[in-house]
Amino acid sequence: MDQIFSLRPLLAVVVSLGVIPMLLLSGQRPNVREAWTFFAAICKFLLVLSMLPAVLQGREFALTLISIAPGASLAFKVDGLGLLFALVASFLWIVTSVYSVGYMRGLQEHGQTRYFVFFALALSATIGVAFSANLLTLYLFYELLSLATYPLVTHHQDQEARISGRKYLIFILGTSIGLVLPAMLICYHLSGTLDFNVQGILSGELSGPALLVLLLMFVLGFAKAGIMPFHSWLPAAMVAPTPVSALLHAVAVVKVGVFSIVRVLTGIFGIDLLAAADLGLPVAWLASFTIIVASCIALSQDELKRRLAFSTISQLSYVVLGVALLTPEGLLGGVIHIAMHAFGKITLFFCAGAIFVATGTKYISRMDGLGKRMPWTFGAFFVGSLGVIGLPPTGGFYSKWLLVLGTIDSGQTLFLVVLLLSSFLNGFYFLPIVYRAFFGRPQASQDAGIQEAPACCLVPLLITAAMSVGLFVYPNMFVQLIKNGLQIP
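Sequential numbering from 12 applies to the sequence shown in the working numbering.
Okay, structure coming up:
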């Protein structure tokens, strides 16, 4: 494949790092601080966007920074798969920055400068993962993201935040150091390289139970993907401010987890090796278990953000299941679900935060009748719900349709049942919220003066809801990026 050697991947990673000193210096001037945040976010998105035409034509951007050992270097490569993830993350950083202003100022949150600094650092790490050319680079940025998001998870600095933060680090760092790091060293020992390759790097190097163990070390070790039993950090991390939950725990952090698994499955093992060794099946079973169990748990959650958290755990495994099917439609549906779910779920998180800012309410049982006072917010919540359920006219329908085709093509009827059953469960835990909001009787204690949240909270959720619908109408660009990145005919 034709490669373009360019500094743009590096610039896209470091632009938000470069603005951190300016954020610290302007901490006492909020307007200036937020202006620097928007400047960095827009520059990052434009740098990522500038690489789109060439990547759509099947070309790649490449840059090697440091060669540590033969086959192991700190290097970037921008292919279709990485660019898809980077486009979604960098665009949503702009939207979330607007939302953060309305949310953090609306609730008069403390430590706002620290918040924006670590948000910028987290986005650098996210783009670093997206543009990693090899497993070593991906691992380093993966760990940087874990450390950068810890202060965001523990932002409130109370006992609950500290307990949740400890659980977050134990699960995220413990699994990556205890499972991914040794698995990566084994791969390097066997193959002499860590570079991603669509044919894989382990063919003929390992077989039988040992190959399955190595695969599971990676799948479970990237615990940001929320696969059970390494999932409980995600609901605990909901103590973070809603903008953190929205971008990092609906897009950046969790999607880094499933993106890393996709990279390993397609670039380290390779689809041909997985199919020859019949290794897709155990991964698909693991993902299916997570999908159904997390959906069932979500049904019982009264706190809206916790319900969204368990929904996210379930939805992340759609990506893993799609790739594990080892069919063209499954691969395409699984990877494009990264984008489709991102826009739907971030809309839901934005709505949860807007409801809290406007009413102080975070429990579903207290939201009866709120839709009549906040019609735009709950209208967007309905659109986001359709996206997660997988119903038209949202992009979630397109990705789930491809996943259904992938299960049919694989001949695995049981996984088709999992997809359909989980979609019904999605409807059962989201649609009643919308019904209660618009048709429920307002509680006697409900403030008659409740109205929509400030514009900085409202406009972003309307934008992401509109994008979710737009991706149903025009998913072609993302489809082409995935086909180029995974060399799908």
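The beta carbon of each residue, even a glycine, is placed where N, CA and C say it ideally should be. These numbers were taken from a predicted model, which means no experiment stands behind them.
Where residue i falls: helix, strand or coil (DSSP)
{"i": "residue 138", "result": "helix"}
{"i": "residue 94", "result": "helix"}
{"i": "residue 45", "result": "helix"}
{"i": "residue 463", "result": "coil"}
{"i": "residue 214", "result": "coil"}
{"i": "residue 271", "result": "helix"}
{"i": "residue 123", "result": "helix"}
{"i": "residue 447", "result": "helix"}
{"i": "residue 348", "result": "helix"}
{"i": "residue 338", "result": "coil"}
{"i": "residue 380", "result": "coil"}
{"i": "residue 200", "result": "helix"}
{"i": "residue 286", "result": "helix"}
{"i": "residue 165", "result": "coil"}
{"i": "residue 193", "result": "helix"}
{"i": "residue 500", "result": "coil"}
{"i": "residue 246", "result": "helix"}
{"i": "residue 471", "result": "helix"}
Whole-number beta carbon distance between residue j and residue i, since they are thought to touch under 8 Å
{"i": "residue 207", "j": "residue 268", "result": "Going by Cβ atoms, the distance from residue 207 to residue 268 rounds to 17 Å, so no, they are not a contact pair."}
{"i": "residue 104", "j": "residue 141", "result": "About 12 Å; that fails the 8 Å criterion."}
{"i": "residue 191", "j": "residue 150", "result": "6 Å"}
{"i": "residue 389", "j": "residue 257", "result": "That belief does not hold up - the Cβ atoms of residue 389 and residue 257 are roughly 17 Å apart, past 8 Å."}
{"i": "residue 433", "j": "residue 338", "result": "Contact doesn't hold; Cβ gap of about 19 Å is too wide."}
{"i": "residue 55", "j": "residue 26", "result": "5 Å"}
{"i": "residue 272", "j": "residue 233", "result": "5 Å"}
{"i": "residue 299", "j": "residue 426", "result": "6 Å"}
{"i": "residue 302", "j": "residue 325", "result": "5 Å"}
{"i": "residue 67", "j": "residue 498", "result": "No, residue 67 and residue 498 are not in contact; Cβ-Cβ is about 14 Å, not under 8 Å."}
{"i": "residue 138", "j": "residue 101", "result": "7 Å"}
{"i": "residue 225", "j": "residue 145", "result": "That belief does not hold up - the Cβ atoms of residue 225 and residue 145 are roughly 17 Å apart, past 8 Å."}
{"i": "residue 45", "j": "residue 112", "result": "6 Å"}
{"i": "residue 48", "j": "residue 471", "result": "Residue 48 to residue 471, Cβ: 14 Å. No contact."}
Range covered by the alpha helix (DSSP H) that runs through residue i
{"i": "residue 76", "result": "Looking at the DSSP string, residue 76 is not in any alpha helix (DSSP H); the run it does join, the beta strand (DSSP E), is 71-80."}
{"i": "residue 491", "result": "487-497"}
{"i": "residue 308", "result": "291-310"}
{"i": "residue 179", "result": "170-186"}
{"i": "residue 280", "result": "Per DSSP, residue 280 belongs to no alpha helix (DSSP H) and is neither H nor E."}
{"i": "residue 420", "result": "406-421"}
{"i": "residue 31", "result": "31-36"}
{"i": "residue 388", "result": "386-400"}
{"i": "residue 257", "result": "253-258"}
{"i": "residue 231", "result": "219-232"}
{"i": "residue 240", "result": "Where residue 240 is concerned, there is no enclosing alpha helix (DSSP H), given that its DSSP letter is neither H nor E."}
{"i": "residue 64", "result": "63-67"}
For residue i: DSSP bridge partner residues
{"i": "residue 85", "result": "77"}
{"i": "residue 145", "result": "206"}
{"i": "residue 56", "result": "The partner list for residue 56 (beta bridge, DSSP) is empty, contrary to what the question assumes."}
{"i": "residue 16", "result": "73"}
{"i": "residue 374", "result": "314"}
Residue range of the beta strand (DSSP E) that includes residue i
{"i": "residue 326", "result": "It is not in any beta strand (DSSP E) - residue 326 instead sits in the alpha helix (DSSP H) that spans 315-335."}
Cutoff 8 Å: residue i Cβ touching any chain C Cβ
{"i": "residue 365", "result": "The chain inventory of the structure shown lacks chain C, comprising one protein chain alone."}
inquiry  = Across the region 243-253 and the region 334-354, are there enough close Cβ pairs to call them in contact, namely three or more that are closer than 8 Å?
reply    = no
message = Measuring CB atoms only, is the region 46-66 touching the region 74-82, in the sense that at least three cross pairs come out at less than 8 Å?
response = no
ask   = Do the region 373-381 and the region 285-302 meet, that is, are 3 or more Cβ pairs less than 8 Å apart?
value = Touching, no.
request  = Tell me, please, whether the region 331-343 touches the region 353-366 by the rule of three or more beta-carbon pairs shorter than 8 Å.
outcome  = no
query = Three or more C-beta pairs closer than 8 Å, one from the region 80-89 and one from the region 28-36: is that the case here?
reply = no
ask   = Is the region 463-482 touching the region 397-409, taking contact as three or more C-beta pairs under 8 Å?
value = yes
query = With contact counted as at least three CB pairs below 8 Å, one residue from each stretch, are the region 38-49 and the region 121-131 in contact?
reply = Cβ pair count under 8 Å is three or more, so yes.
message = Counting beta carbon pairs with one atom in the region 480-494 and one in the region 327-338, are three or more of them shorter than 8 Å?
response = Flag = no, the region 327-338 and the region 480-494 do not touch.
message = With a threshold of 8 Å, are at least 3 pairs of Cβ atoms found where one atom belongs to the region 223-241 and the other to the region 165-176?
response = They do not touch, by the three-pair rule.
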